[in-house]
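All remarks here apply to the structure that follows.
Residue numbers (the working numbering), protein chains in the order written: chain F, 399 to 571; chain W, 14 to 280.
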């Protein structure tokens, strides 16, 4: 229930609060950040229901066909879990730094997947993949994702430990 | 292949396959009760959060401007004196403006049944270029209705509705298409969004004339959007990629990311 409430308010913040402060196209993916954080903590499978719920809620409040954000979030979550298991270390600063990189590229991949799915639905009418390079603020959006993650990481970490929802399954190498 | 790994792959494949079915078959009718349920729950929060965001934005802008207020005040006094003398001259311009408005057939506000609505959300991803407003089907709003700002400037069309909220696809949305004409030369075309990058007037015959700086207004040809609503000014004229038509890049009259209140033309 706590996860659902967190996801719900993340979606509201992403669609109604943050667009006021950020330029069009560069609003941070709050929901995705939350999902990537949980995935790093608890793994892909344990987090799958929350990933689907987060994507579904964002699709609902974006008035998009249900499935675009779910598809993207699940794919990103899978990749993050795969990378997390192999590369994230237990050393705190390195771990935090690597997580930032994961968040940055996770946001980038999410934007690319939603762009492709959105245009595939419309039959790529006059759109080429080359136009992705023109997709405004793609870099800034991912950068803001990383910065926002940096700002909320410790609060998220504390809340997550307190709620005890995710037990670490990180394999330390 | 390890068991754990294969179960993970199977779950991933199943979820992705279901998503693809949902995305490409888009069973809106099936999901609309669920959608409406969540939109109803979220509507008051969206309203509060968007209002809060606006207030915070104004507050920070105010704080940032305190330093420059003293100089601005002196400038404003000077400007006020100058403006007072211009008011008289503007009376004449006003009557001329009325005449031009008639000539351009720009839509007067009192011609329509307008429903005022607050903006409560925006597209965070800029793929669809949309805003969410706080009026929906319970207020008589329907899909396809044009949305303007107070001066009769078209900003988009209603593209999806909930009970108390609706999605407005902006003119910058690639899926939005509106019949327009050049008010100076009469050239007809269709405007559509360029994936959040602006507005393009397309399908203009090569025999028609388009000039940089011309005003673009709705033509009313499609029937769902009345004629004479202002769209913007031509910034650049070029040939379409297939060289069959002319295209014009249109500069909108206002910034769509700064909207607070809009009006829906109900009829």
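By construction, the Cβ of each residue, glycine as well, lies at the ideal position given by its N, Cα and C atoms.
Close-in-space but distant-in-sequence residues of the same chain around residue i (CB under 8 Å, 5 per side omitted)
i                      : result
residue 203 of chain W : 190, 191, 192, 193, 214, 215, 216
residue 162 of chain W : 168, 267, 272, 274, 275, 276
residue 524 of chain F : Bear in mind that a pLDDT of 49 at residue 524 of chain F, under 50, signals an unreliable position, so the number given afterwards is only what the model happens to contain. Closer than 8 Å at Cβ, skipping near neighbours: no residue.
residue 249 of chain W : 225, 261, 262
residue 153 of chain W : 128, 279
residue 481 of chain F : 500
Same chain only: Cβ atoms within 6 Å of residue i, ignoring 5 sequence neighbours per side
i                      : result
residue 52 of chain W  : 175, 178
residue 437 of chain F : 445, 475, 478, 479
residue 155 of chain W : none
residue 416 of chain F : 425
residue 218 of chain W : none
residue 133 of chain W : 59, 60, 63, 145, 147
residue 238 of chain W : 159, 191, 231
residue 198 of chain W : 222
Same chain, Cβ closer than 7 Å to residue i, neighbours up to 5 away in sequence not counted
i                      : result
residue 266 of chain W : 166, 243, 245
residue 468 of chain F : 450, 453, 454, 457
residue 226 of chain W : 246, 247
residue 49 of chain W  : 175, 176
residue 473 of chain F : 511
Where residue i meets chain F, residues with beta-carbon distance less than 7 Å
i                      : result
residue 133 of chain W : 414
residue 48 of chain W  : 458
residue 13 of chain W  : In the structure as shown, chain W starts at 14 and stops at 280, and residue 13 of chain W therefore has no counterpart that could be examined.
Interface partners of residue i on chain W, CB under 9 Å
i                      : result
residue 465 of chain F : 31, 32, 33, 34, 35, 36, 37, 39
Within chain F, partners of residue i - CB distance below 8 Å
i                      : result
residue 70 of chain W  : 418, 419
residue 270 of chain W : 417, 421, 422
residue 173 of chain W : 461
Within chain F, the residues that residue i reaches when beta carbons sit closer than 9 Å
i                     : result
residue 28 of chain W : 446, 449, 450, 468, 469, 472
Under 7 Å from the C-beta of residue i: neighbouring residues of chain W
i                      : result
residue 431 of chain F : Ordered by position in chain W, no residue passes the 7 Å Cβ test against residue 431 of chain F, which lies about 12 Å from the chain.
residue 411 of chain F : 62
residue 502 of chain F : Under the 7 Å cutoff, chain W gives no residues; its nearest Cβ is about 16 Å from residue 502 of chain F.
residue 439 of chain F : Residues of chain W passing the Cβ test: none, with the nearest at roughly 17 Å.
Residue from the options whose Cα sits closest to the Cα of residue i
i                      : options                    : result
residue 131 of chain W : W:196, W:72, W:57          : W:57
residue 234 of chain W : W:251, W:261, W:257, W:200 : W:200
residue 173 of chain W : F:439, F:462, F:559        : F:462
residue 279 of chain W : W:220, W:160, W:261        : W:160
residue 125 of chain W : W:186, W:164, W:254        : W:164
residue 264 of chain W : W:185, W:240, W:237, W:253 : W:185
residue 536 of chain F : F:441, F:459, F:507, F:442 : F:507
residue 421 of chain F : W:222, W:135, W:36, W:78   : W:135
residue 491 of chain F : F:412, F:551, F:404, F:413 : F:551
residue 73 of chain W  : F:470, F:556, F:472, F:419 : F:419
residue 256 of chain W : W:35, W:27, W:220, W:47    : W:220
residue 447 of chain F : F:547, F:466, F:471        : F:471
residue 142 of chain W : F:473, F:498, F:513        : F:513
residue 465 of chain F : W:83, W:107, W:31          : W:31
residue 65 of chain W  : F:430, F:443, F:411        : F:411
residue 413 of chain F : F:401, F:430, F:439        : F:430
residue 240 of chain W : W:77, W:196, W:86, W:181   : W:196
residue 557 of chain F : F:460, F:432, F:406, F:409 : F:432
residue 460 of chain F : F:427, F:441, F:402        : F:427
residue 187 of chain W : F:409, F:519, F:540        : F:519
Under 8 Å by beta carbon: chain W residues contacting residue i
i                      : result
residue 455 of chain F : 51
Exercise for the section: Go through the region 446 to 489 of chain F residue by residue and report every complete run of the alpha helix (DSSP H) that reaches 4 residues or more, in order. Expected result: 466 to 485
Problem - Whole runs of the alpha helix (DSSP H) within the region 416 to 446 of chain F, excluding any shorter than 4 residues - result: 428 to 440
Problem - chain F contacts from the region 56 to 90 of chain W (Cβ-Cβ distance under 7 Å) - result: 58, 59, 62, 63, 65, 66, 67, 70
Problem - Uninterrupted alpha helix (DSSP H) stretches inside the region 135 to 162 of chain W (no shorter than 4 residues) - result: none
Handout entry: Members of the region 175 to 188 of chain W near chain F, C-beta cut-off 8 Å
Key = 180, 187, 188
Handout entry: chain W contacts made by the region 546 to 558 of chain F, where a contact means CB separation under 8 Å
Key = Listed in sequence order: no entries.
Practice task
Give, in chain order, every unbroken run of the beta strand (DSSP E) that is at least 3 residues long and sits entirely within the region 241 to 269 of chain W.
Solution key: 243 to 252, 259 to 265
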